[in-house]
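If you're matching them up, the sequences are chains S and P in order.
One gets the numbering used here by counting positions in the first sequence from 1 and adding 1173 to each.
One gets the numbering used here by counting positions in the second sequence from 1 and adding 647 to each.
Glycine included, each C-beta is placed from N, C-alpha and C at the ideal position.
These numbers were taken from a predicted model, which means no experiment stands behind them.
Right, one structure below, let's go through it.
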Amino acid sequence: MRLQLALAQIVTKLGDVQANLDKHIGLIADAKKQKADLLVFTELSLTGYVLQDLVASVACRPTEDHPIFKPLLKASHDLDLVVGFVDEDSRHRFYIASAYLSGGRVLHVHHKVYLPTYGLFDEGRFFAWGDTVQSFDTRFGRVGLLICEDFWHASPPYLLWLDGADIMLFSSASPGRGLNDNEKLESARWVERVTKAYASMFTSFVAHANRVGFEDGLLFWGGATVFDPNGEEIAHGPYFEEALVFADLDLNQLRRTRARLPLLRDERTNLVQSELARILARSNKG
Amino acid sequence: MQIDLTINTDVAHTILTGFIRSEIRRVGFTRAVIGLSGGIDSALSCALAAEALGPENVFAVRLPYKSSSPDSLEHAQLLIDQLGIHSETIEITNMVESLMVRDPQMSKQRKGNIMARQRMVVLYDQSEVLKGLVVGTSNKTEILLGYSTLWGDMASAFNPIGDLYKTQVRQLSRAMNIPAPIIDKAPSADLWKDQTDEDELGFTYEEVDKLLYLLVDQRYSLQDCIEEGFDAEFVNTVMGRIRRSQFKRLQPPIAKLSNRTVGYDFLYLRDWGT
């Protein structure tokens, strides 16, 4: 079985959801023309990233009658979609969220569980913390979604793996930083290193879509990547430029890699659980 | 310890030209207005703007005072010719002297500040005339040391080179083929005769950039820097300059009275809605 995956690294308009939606609809049409089965947009692709006090005004609910989600759900009859938005729950907590849309339905919504609030980041000031990391079934197999800082921590990808995800879809709005004499920014090198490592260690497909464009002085660096279950790179988008990046995923590779390298079979989750219980009991004692 | 401030100039060039294009075009402008002194910082900003926007959209304004070095005008001309950008020369002597004659005892510091601020006035006026945005020319070293005039040479709509140390400005300038006399001469604000930055500061850019890199970029403590071999007095002098000049790097604080106050909890980027 094969999956034609497309990753959209785009410039967004800060706080202008309608303009961003129009861009999504255009790119969905392009991806469809190029026979994509699944198109992944970046973190907060419908809103822009440094929202600060714009958060409440751009928030939406991923429902069929919502004017932003209605056309996206309609488009999801043609190809599956992952879009980034601000989710507002019934008690008015705001989350950085990614929704997986397929066949006119919302299959899954992930709320970002790690909100960076240090250095140039201030997400914890404006957003609520998600509290679940769950894989879910799609027509391509079991999938997991994570958003940016979520995969800077090792535990969320690990949990997705144990929950059955064979395809991990990461989306980011990662600002470029750390210019030195290397041809790649430090932030790009770091992300590429860890996403490759997850694909290798979890013998899974790992795709990463990162936005481009400026917000004030921050430049989002793009460079979408896809790694196969052997940890080999099978697609790499350009840095700093808008692009639709395509990858042809041979899902049968999962079987071949895991027959050779049974890391999933041998993973000792009971050991993890018992040791974690011991470690947490000790740290609770102070 | 080897402290290496070398940057990949191709990446810097891509990011900074993209930044200029983005910041100018997203607000509906096409043109840049830049005060071109003949020094390396404004030369680099001009060269980046010319590549970002096309030379036909860059307006370099030379703003000499009667005591300005003739080299400054000549070096600016070298760059104007090389880039093929528009230029204009507007002498500020009469404008500033009508203020200076009020006090025959006026210090050169005060005169320098008046000149820097008068240049800002002319640039912002040209910005209106030409429908262009004023592009900044302050580098990271002078911003951190506060070696600049508040609301004078620091004033701009946005600054493409403010995260490059002086030595990195030189590296990128060489990569962009800025004329050698501009790169090689001693840096000077040229506010009075024979002024040079390094005489006035009391240390070289080469030295201070390495120290600033450890203190600021690498978050070294003062003691860590001294243990790395920097002279304790030098370290304390530089840290003192950074602390004392923090006011130049921020908007003036507003006394909070209401529930929502500009600067504290009314938070939107400049790029809001674009």
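#1: Using a 10 Å radius around the Cβ and a threshold of 16 neighbouring Cβ atoms, would you call residue 719(P) buried or exposed?
#2: What residues in the stretch 1212-1234 of chain S bring their beta carbon closer than 8 Å to a beta carbon of chain P?
#3: Do you know how far the Cα of residue 738(P) is from the Cα of residue 665(P)?
#4: At what residue ranges does the stretch 1331-1403 of chain S contain a whole run of the beta strand (DSSP E), taking only runs of 3 or more?
#5: Which residues, in order along the stretch 1354-1378 of chain S, keep a beta-carbon less than 9 Å from a beta-carbon of chain P?
#6: Could you tell me which residues DSSP puts in a beta bridge with residue 779(P)?
#7: Using the rule of at least 16 other Cβ atoms within 10 Å of the residue's Cβ for burial, across every protein chain shown, is residue 1392(S) buried or exposed?
#8: Could you tell me which chain S residues have their CB closer than 8 Å to the CB of residue 916(P), listed as they occur along the chain?
#9: Could you tell me which whole beta strand (DSSP E) segments of length 3 or greater appear in the stretch 1261-1293 of chain S?
#10: Since residue 679(P) meets chain C, which of its residues come closer than 7 Å, beta carbon to beta carbon?
#11: Alpha carbon to alpha carbon, what distance is there between residue 1271(S) and residue 1309(S)?
#12: Could you spell out where the beta strand (DSSP E) holding residue 1318(S) opens and where it closes?
#13: Rounding to the nearest angstrom, what Cα-Cα distance links residue 755(P) and residue 805(P) in this structure?
#14: According to the neighbour-count rule (16 or more other Cβ atoms, all chains shown, within 10 Å of its Cβ), is residue 1359(S) buried or exposed?
#15: Roughly how many whole angstroms lie between the Cα atoms of residue 1414(S) and residue 1397(S)?
#16: How would you list, in chain order, the residues of chain P whose beta-carbon sits under 8 Å from the beta-carbon of residue 1413(S)?
#17: Return yes when the Cβ of residue 1216(S) is within less than 8 Å of the Cβ of residue 1257(S), no when it is not.
#18: I think residue 1255(S) touches residue 1231(S), with their Cβ atoms under 8 Å apart; what is that distance to the nearest whole Å?
#19: At what residues does the beta strand (DSSP E) containing residue 1250(S) begin and finish?
#20: Compute the beta-carbon to beta-carbon distance between residue 1208(S) and residue 1177(S), rounded to the nearest angstrom, for a pair I have assumed lies under 8 Å.
#21: Answer yes or no: do residue 844(P) and residue 834(P) have a C-beta to C-beta separation smaller than 8 Å?
#22: Where does residue 716(P) sit, in a helix, a strand or coil, going by DSSP?
#23: Ignore the nearest five residues each way along the sequence and tell me which others in residue 1289(S)'s own chain have a CB closer than 7 Å to its CB.
#24: To which residues of the same chain is residue 1318(S) closer than 6 Å at the C-beta, ignoring the five residues directly before and after it?
#25: Could you give the uninterrupted runs of the alpha helix (DSSP H) lying entirely in the stretch 729-792 of chain P, keeping only those of 4 residues or more?
#26: Below 8 Å between beta carbons: does that hold for residue 709(P) and residue 683(P)?
#27: Going by C-alpha distance, which of 897(P), 913(P), 904(P) and 807(P) is nearest residue 1390(S)?
#28: For residue 1423(S), which residues does DSSP report across the bridge?
#29: Could you list which residues in chain P have their beta carbon closer than 9 Å to that of residue 1396(S), in chain order?
#30: Within the stretch 1188-1236 of chain S, note down every full beta strand (DSSP E) run reaching 3 residues or more, in order along the chain.
#31: Since residue 707(P) is in the alpha helix (DSSP H), which residue starts that stretch and which ends it?
#32: Should the stretch 1432-1441 of chain S be called in touch with the stretch 1219-1238 of chain S, which here means at least 3 C-beta pairs below 8 Å?
#33: DSSP beta-bridge partners for residue 1182(S)?
#34: Give me the DSSP bridge partner(s) of residue 1408(S).
#35: Compare the beta carbon distance of residue 1251(S) and residue 1205(S) with 8 Å and say whether it is the shorter of the two.
Looking at the atomic coordinates:
#1: buried
#2: 1223, 1225, 1226 and 1227
#3: 32 Å
#4: 1340-1345, 1378-1383, 1385-1388, 1391-1394 and 1398-1400
#5: 1354, 1355, 1356, 1357 and 1358
#6: 678(P)
#7: buried
#8: 1187, 1223, 1225, 1388 and 1389
#9: 1267-1275 and 1278-1284
#10: Chain labels in this structure do not include chain C; the protein chains are S and P.
#11: 13 Å
#12: 1314-1320
#13: 29 Å
#14: exposed
#15: 11 Å
#16: 661, 662 and 665
#17: yes
#18: That pair is no contact at about 18 Å.
#19: From DSSP, residue 1250(S) is part of no beta strand (DSSP E); its letter is neither H nor E.
#20: 6 Å
#21: yes
#22: coil
#23: 1296 and 1322
#24: 1271, 1283 and 1342
#25: 740-747, 755-777 and 787-792
#26: yes
#27: 807(P)
#28: 1175(S)
#29: Correct list: empty, because the minimum Cβ distance to chain P is about 12 Å.
#30: 1211-1213
#31: It is not in any alpha helix (DSSP H) - residue 707(P) instead sits in the beta strand (DSSP E) that spans 705-709.
#32: no
#33: 1416(S)
#34: 1399(S)
#35: yes
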